[in-house]
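For the protein sequence lines, the chains are A and B, in the order given.
Residue numbers are given in my numbering: position 218 of the first sequence equals residue 218, and the series is strictly consecutive.
Position in the second sequence (first residue = 1) + 1000 = my numbering.
Just so you know, even glycine gets a beta-carbon here, dropped at the ideal spot from N, CA and C.
Working notes for the structure below.
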Amino acid sequence: MRMLKFLLQKELLQIFRDAGIIRILFIMPMVQLLILPLAADYEIKNINLGVVDQDHSEYSRKLVNKIVSSGYFKLKEYSPSFNQGLKAIESDKTDLILEIPTHFDRDLVNENKATLFVAVDAINGVKAGLGGAYIQQIIQDDNQDVRDEWIQAPRYNPQPNIDIVSSDWYNPNMNYKVFMVPGILVMLVTMIGSSFAANNIVREKEMGTIEQINVSPIQKYQFILGKLIPFWLLAIAILTVGLIIARLVYGIVPMGSYFTIYVFAGIYLIAILGLGLLLSTYAQTQQQSMLVSFFIIMIFNLMSGLYTPIESMPVWAQWITIFNPVAYFIEVMRMVMLKGSGLSDIWPQIVAIMGFAAFFNGWAILNYSKRSV
Amino acid sequence: MKQFLIFVKIEWFHIWRDRRTLFILICMPIVQIILYGFALTNEVKNSNVAIFDQSRDVSTMQISNEIAASRYFNLVKNVYSYNDIAATFRKGKIRMAIVFPQNFRYDLLHSNHAQIQLIADASDPNTANTLTSYASVIINDYQQSLNQNDDLPYTINTQVRMLYNPELKGAYGFVPGVMALVLMLVCTMMTSISIVKEKEMGTMEVLLVSPLKPFSIVIAKTVPYLFVSLLNIICILLLSVYVLDVPIVGSILLLMLESTLFTVTSLSVGILISNFAETQQTAMFAAMMGLFLPTLLFSGFLFPLENMPVPLQVIANIVPSKWYYIIVKNIMIKGLGFESVWRETIILAGMTSALLGVSIYKFKIRLA
């Protein structure tokens, strides 16, 4: 126990002596937490509309007005021909072209039907899909209005009609920040915790100071614990500052309890730091450990469901996410913060993360050999 | 020039000798492209839904079946009360619940009017929105099928054409973005760490007293990495065409040239970082914390730039990968020529010279 105390003292001294690192540790994540959620807004709005109106009728003007006033579309450009409209799409000026052909109005009256052409820049599939759906909906509505106007309406509606009422639970204002801030916080804590841990032992190897530890009567587990505890405390501190920012700046008050978050975070950090230490027992140079830990963190982050939903991934990729501790924490964080889930709701995730913690740390202790090669 | 080549050779030996690192440098981008190319997509599909059917009649059954058959939804359970819905949401098991009221079919056929409630888990607003609109389309289709026989007057048809990506595949937007991300990070980290390592090891002094101009030494150190990066680009392009099914519509030569330019930009960012960093740890943190997230967010492939507040849109302009993303999209997916990307090319070239200029100006000949 006394040994551990000295080890902790040594580690803490080492961390706090490097002012540059402390600055990076605290200021960078905070700045990112303040800026990133503003950038991470995925709402589909502001679809830039280009119109090719060859009909020039009163009807075409009314239709364009209606589309623009729906709020989803921003009229960017009137082009005289479809080819010129396409130019605007090529240069990213517009996302969607509506072409109203010549004699559209006349055809509609004389032949009872007429066709509108829509072309969408589909590189972003989701934006294209929704944009296409929105404009079709608006045109359908307009079509109904035209009928109501031009035909004597029957006294009652003879067709069966299904009303769709949709409600958005847990985030009725559809605020994207509420969704992103908890996830980004998890990512920042993970990035800092694991990469620092990964670097630490390798640094001692590179500096040669590990020899001194190897010849002193320190048990393996004491050594790993001595590395683990300071970083654990640091990461919890960063998490706390992050939660305060989430509350004060973004007004995110968790629906569940802070207790649940900290219980999970505590176990989670043991797991993620253990992973970092494990990597560092394998690497010989800091460059190696950095590249590998960075690589793993990137995979963990991008495959965590933070940016793109996990269930959209192919099945094999979903299997990979089962082995991704970050995915569990992000899921839990969002569940607790937004839906008020309690410990009883998240116990499967807790068990999983405990497994990770035991696995990574156990392996790290086994693999740390006092005889360095 | 001869001396310069000798220095290039030294660095090449450094890289070649450390096979483990070289292996990581070549494999990392490959694994990432495959992984993200397949896995990163914002298409919404296979979302778990629950159904709360209080009517249990032919109509609700038919609608439920339609929804279960759609590739967007995955029917996981039937629930029997609103409390049940809330509990299932809290466990994170479903994304949406569909509620049919009692006497659904009776109301629909007799009073011509019935209601369906869609409850979405809007903690992810985008998915919620998309699911609601997909479910509405299915329900509307069902409604249309009920009054199929009527021929409506004054019908406006809409023909929608999806340009460049008719199947609306997520990969078309994501692969160029992942290319920008991976190249940027690998190049920056490689250069900055390899230069700072010399500083940390004390071998920088040996290099500095050699007859070569100090900054040429730095350039010589990055040249081998340029070749490693070119190899990476070739791998990435092969993978995207043959594994991810994202074709290169435009000129391959132009794409390669632009990629090389972007690589040089990234290497210059690495050189700049190595100027300021004293330890490998600091260099890596600058490269990782400082570049990973901005590159991810401001390239515009994950989150649309036009949604961001104006100051951030301005910041996005100084992120090189934003411009490279536009270039790759235009050449690779839209198949446009140089006339569509000359502005972006000039910007990247300008950034590179600015970065190198600052690095030369700030370069310290004497170590502390």
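- With contacts defined as CB atoms closer than 8 Å, residue 1300(B) and residue 1322(B) qualify as a contacting pair.
- Sorting 1200(B), 1193(B), 1098(B) by C-alpha distance to the C-alpha of residue 165(A) places 1098(B) at the top.
- Non-local C-beta neighbours of residue 1093(B) in its own chain, meaning closer than 7 Å and more than five positions away in sequence, comprise 1048, 1076, ordered along the chain.
- Where residue 73(A) is concerned, the enclosing beta strand (DSSP E) starts and stops at 73–78.
- The segment 183–202 of chain A makes contact with the segment 282–293 of chain A, as at least three CB pairs between them are under 8 Å.
- By the Cβ test, the segment 1057–1064 of chain B is in contact with the segment 1103–1112 of chain B, since at least three Cβ pairs between them sit closer than 8 Å.
- For residue 1121(B), the uninterrupted beta strand (DSSP E) segment begins and ends at 1113–1121.
- What residue 1172(B) touches in chain A, judged by beta-carbon distance under 9 Å, is 122, 123, 124, 125, going in chain order.
- Contact between the segment 1328–1343 of chain B and the segment 1161–1181 of chain B is present: 3 or more CB-CB pairs across the two stretches fall below 8 Å.
- Closest in alpha carbon position to residue 1338(B), among 1256(B), 1061(B), 1298(B), is 1256(B).
- The C-alpha of residue 1035(B) lies about 22 Å from the C-alpha of residue 276(A).
- In the three-state DSSP reduction, residue 1157(B) falls in the strand class (E or B).
- Distance check between residue 1158(B) and each of 136(A), 28(A), 233(A), 328(A) places 136(A) closest, using alpha-carbon atoms only.
- Taking each of 162(A), 147(A), 161(A) in turn and checking the Cα distance to residue 1155(B), the smallest one comes out for 147(A).
- Taking a contact to require three or more Cβ pairs closer than 8 Å, the segment 257–270 of chain A and the segment 306–320 of chain A do not qualify as touching.
- Annotation: the continuous beta strand (DSSP E) that includes residue 50(A) extends over 47–53.
- For residue 167(A), the pairing in a beta bridge is given by DSSP as 1119(B).
- Residue state for residue 1336(B) is assigned as coil, using DSSP reduced to three classes.
- By the Cβ criterion, the segment 1160–1167 of chain B is in contact with the segment 113–122 of chain A, since at least three pairs of Cβ atoms, one from each stretch, lie closer than 8 Å.
- In the three-state DSSP reduction, residue 1319(B) falls in the coil class, being neither helix nor strand.
- Within chain B, the C-beta atoms nearer than 7 Å to that of residue 292(A) come from 1024, in chain order.
- Spanning the alpha carbons of residue 1019(B) and residue 1194(B) requires a straight line of approximately 15 Å.
- For the segment 1338–1349 of chain B, the set of positions with a beta-carbon nearer than 7 Å to some beta-carbon of chain A reads 1340 in chain order.
- Three or more pairs of CB atoms, one per stretch, sit closer than 8 Å, so the segment 1201–1221 of chain B contacts the segment 1001–1013 of chain B.
- Membership of residue 1096(B) in the beta strand (DSSP E) is indicated by the continuous run 1096–1100.
- Under the criterion of beta carbons closer than 8 Å, residue 214(A) and residue 282(A) do not qualify as touching, at roughly 17 Å.
- For residue 225(A), the nearest beta carbon of chain B is not closer than 8 Å to its own beta carbon.
- Chain order gives the chain A residues near residue 1118(B) as 164, 165, 166, 167, where near means a beta carbon separation below 8 Å.
- The Cβ atoms of residue 1170(B) and residue 129(A) do not sit closer than 8 Å to each other.
- Of the residues assessed, residue 1189(B) falls on the buried side of the cut-off, its CB having 16 or more other CB atoms within 10 angstroms.
- The beta carbon of residue 1025(B) sits closer than 7 Å to those of 1186, 1190, 1228, all from its chain and outside the five residues before and after it, given in chain order.
- Flagged as an interface residue toward chain A: residue 1115(B), by a C-beta distance shorter than 8 Å.
- Taking the C-beta atoms as reference points, residue 1279(B) is found nearer than 8 Å to residue 1200(B).
- In terms of Cβ geometry, residue 57(A) and residue 107(A) do not form a close pair [threshold 8 Å].
- With distances taken between CA atoms, residue 323(A) lies nearest to 356(A) out of 101(A), 356(A), 6(A).
- Under the three-state reduction of DSSP, residue 107(A) is assigned to helix.
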